[in-house]
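Q:
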Amino acid sequence: MTTSAELFELASRRIPGGINSPVRAFKGMNRPPVFMERAQDAYLFDVEGNRYVDYVGSWGPMITGHADRDVLAAVRARLDNGLSFGAPTAAETTMADLICEMIPSIDMVRMTSSGTEATMSAIRLARGYTGRDKIVKFEGNYHGHSDSLLVKAGSGALTHGVPNSPGVPAALAEHTVTLSFNDPDGVEACFEEIGDEIAGVIVEPVAGNMNCIPALPEFLETLRRVCNEYGSVLIFDEVMTGFRVAMGGAQAYYGVTPDLTCLGKIVGGGMPVGAFGGSQEIMEQISPLGPVYHAGTLSGNPLAMAAGTTLLNKVQVPGFHDALSQRVETLCNGLKERADAAGVPLVVQSAGGMFGLFFTAQSRVDNFAQATACDPEAFRHFFTGMLDQGVYLAPSAFEAGFMSSAHTAEDIQHTLDAAEKVFASMA
Ligand code: PMP
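Here it is in structure tokens:
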């Protein structure tokens, strides 16, 4: 039998860090990542034959569980027609219609091959549409790895951003202002000072890249108001939340309507897909109708459209999100009860089909500073303990957990039983 440790060693010879996306590396976990062989429903199966109840779900897309039979059948049905034509297909219109129907703020939509491309293109569009360069983002929000968005806060709230990675030009980072999440006053102060230079504000309405931090309603309402007042474009990055926290995404969950929406993950059913869309007035600025350039050799790929539209049709079923949220609540309440009983300080937060566990004595976690004040050693202990008992959680204290409709009551019970043992060893 080949072990994960052996495969990781082999991978590390040819692939930097042995992985193709950093969070997979199990950094800080003192063990090599688990190499997977296959997946079905709520389960991942590793190369050593171990089964895990999975709460990562390929970081979000697998909302009806892994290897969904309908999604696979739709892909199979398209397969023999060819993989890609670089020419239009009717499947792209089916997808566009579906997205516009499910998310009413979207009149027109463009497909991409990743969430990164969706946010990068939405930012370019906001800049092209307004004729302004500055964008506002929030500390702890992640929008993919494009240059303008890999920027962290400067030393003061209103100072220019600084690159988050070597290779991001400082001259570009200067146009990105990074503010504190869930701080309406900071947003107001920023707009009062430089509002008429701001092309757009991009936000994760439920932040899923610093664990799980739902926006406070008044925060999103402030964003909407100042964007209206100053003519800036409000962009919701719903790559994670889209079709997950509610059928119509976080904008339906909160009742706050953005100008542009970025999508990914579920929209592709597990294939490499992203999308961005919004009002006709803004979207008509895109080439060839308008001057703002966007393109993609594989954008709207027929197999990806088949997978994505099939999955979207499944999550449109009435009651789907209520049932999903119910499962999340059962899990979260059960974890909290067991942590309390064991005397392990734990904050549990959730929104629809996503949740987060914070090892902290704080009463709630609303921003990056609070998220980073949690106990990393407690998280590491919990994560590895759960993994040893066949529960696969995100291998980082700064990622949300994802539930699927394939998780059964038994899967949740197994998770709670495992947690009880791990909490007992932590107290
Ligand atoms: N936005 C958000 C909110 C994300 O969570 C992610 C990825 N996790 C992205 C954008 C980037 O998407 P991708 O990894 O498909 O490029």
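Position in the sequence shown (first residue = 1) + 9 = my numbering.
Virtual Cβ for every residue (Gly too), placed ideally from N, Cα, C.
Three or more C-beta pairs under 8 Å: does that hold for the region 41–60 against the region 278–286?
A: No, they do not touch.
Q: Starting from T187, trace the beta strand (DSSP E) both ways and give me its first and last residue.
A: From DSSP, the beta strand (DSSP E) with T187 extends over 185–188.
Q: Please tell me whether N173 and L159 are closer than 7 Å, where the distance is taken between their beta carbons.
A: Yes, the Cβ-Cβ distance between N173 and L159 is below 7 Å.
Q: Is the beta carbon of M219 within less than 6 Å of some heavy atom of ligand 1?
A: It does not: the Cβ of M219 is nowhere closer than 6 Å to a heavy atom of ligand 1.
Q: Taking the alpha carbon of A198 as the reference point, which residue from M219, A162, V235 has its own alpha carbon closest?
A: A198 has its Cα closest to that of V235, out of M219, A162, V235.
Q: Between which residues of its own chain and V84 is the CB-CB distance below 6 Å, once the five residues before and five after are set aside?
A: Excluding positions up to five away in sequence, the list reads L312, A315, A316.
Q: Could you give the first and the last residue of the continuous beta strand (DSSP E) run that contains R60?
A: That run of the beta strand (DSSP E) goes 60–63.
Q: Measuring only the C-alpha atoms, how far is V400 from I28?
A: Going from the Cα of V400 to the Cα of I28 covers about 21 Å.
Q: Just how far apart, CA to CA, sit E126 and F245?
A: Taking the straight line from one Cα to the other gives about 14 Å.
Q: Relative to the C-alpha of G176, which candidate in S155, G195, G163 has its C-alpha closest?
A: It is S155.
Q: When the distance is taken between beta carbons, is M363 closer than 7 Å to A409?
A: Cβ atoms of A409 and M363: closer than 7 Å.
Q: Count the other C-beta atoms from every protein chain shown that fall within 10 angstroms of the C-beta of D426, then say buried if there are 16 or more, exposed otherwise.
A: Exposed.
Q: What is the DSSP secondary structure of R234, counted as helix, strand or coil?
A: Three-state DSSP puts R234 in a helix.
Q: Which value, in whole angstroms, describes the spacing of the CA atoms of S414 and D268?
A: C-alpha separation (whole angstroms): 30 Å.
Q: Touch check for the region 115–133 and the region 295–308: three-plus C-beta pairs under 8 Å?
A: Judged by Cβ distances under 8 Å, the region 115–133 makes contact with the region 295–308, as three or more pairs qualify.
Q: Please list the terminal residues of the continuous beta strand (DSSP E) segment that includes K146.
A: Per DSSP, K146 belongs to the beta strand (DSSP E) from 143–147.
Q: Compute the Euclidean distance between the alpha carbons of F228 and N191, then round it to the nearest angstrom.
A: Using only the alpha carbons, I get a separation of about 5 Å.
Q: Pairing CB atoms from the region 251–267 with CB atoms from the region 199–208, are three or more of them under 8 Å?
A: Contact between the region 251–267 and the region 199–208 is absent, because fewer than three Cβ pairs lie under 8 Å.
Q: How big is the Cα-Cα spacing for E201 and L320?
A: So the two alpha carbons sit approximately 43 Å from each other.
Q: For ligand 1, any of its heavy atoms closer than 6 Å to the Cβ of M249?
A: Because some heavy atom of ligand 1 lies under 6 Å away, the Cβ of M249 counts as near it: yes.
Q: Under the criterion of a Cβ to heavy atom distance below 6 Å, does S123 qualify as lining ligand 1?
A: Checking the Cβ of S123 against ligand 1 gives yes.
Q: With DSSP collapsed to three states, give me the class of S359.
A: In this structure, S359 counts as strand in the three-state DSSP scheme.
Q: Three-state secondary structure (DSSP) at V431?
A: Here V431 sits in helix by DSSP.
Q: With distances taken between CB atoms, is the gap from F411 to E148 smaller than 7 Å?
A: Cβ distance not < 7 Å, so F411 and E148 don't count as in contact.
Q: Should D106 go down as buried or exposed, given a rule of 16 or more other Cβ atoms within 10 Å for buried?
A: Exposed, by the Cβ-count rule.
Q: Can you give me the C-alpha to C-alpha distance between V248 and C109, rounded to a whole angstrom?
A: Roughly 15 Å separates the two Cα atoms.
Q: Grab the span of the alpha helix (DSSP H) containing I115 for me, first residue to last.
A: Looking at the DSSP string, I115 is not in any alpha helix (DSSP H), and its letter there is neither H nor E.
Q: Identify, in the order they occur along the chain, each residue of the same chain with its Cβ nearer than 7 Å to the Cβ of G26, setting aside the five sequence neighbours on each side.
A: If we look at G26 and ignore the five residues flanking it on each side, its Cβ neighbours are A34.
Q: Have a look at G74 and L53 and give me their C-alpha separation to the nearest angstrom.
A: Between G74 and L53, the C-alpha separation is close to 10 Å.
Q: Mind checking who F245 pairs with in its DSSP beta bridge?
A: Beta-bridge pairing links F245 to V212, T270.
Q: Taking DSSP as the reference, what is the three-state secondary structure of A48?
A: A48 falls in the strand class under three-state DSSP.
Q: Please state the DSSP three-state secondary structure of K36.
A: It is coil, neither helix nor strand.
Q: Taking the alpha-carbon positions, what's the P354 to A370 distance?
A: P354 and A370: Cα-Cα distance of roughly 5 Å.
Q: From what residue to what residue does the beta strand (DSSP E) around G217 run?
A: G217 -> no beta strand (DSSP E), and no H or E assigned at all.
Q: What are the boundary residues of the alpha helix (DSSP H) that A284 is part of?
A: Looking at the DSSP string, A284 is not in any alpha helix (DSSP H); the run it does join, the beta strand (DSSP E), is 283–287.
Q: Any heavy atom of ligand 1 inside 6 Å of the beta-carbon of E213?
A: Result yes, Cβ under 6 Å from ligand 1.
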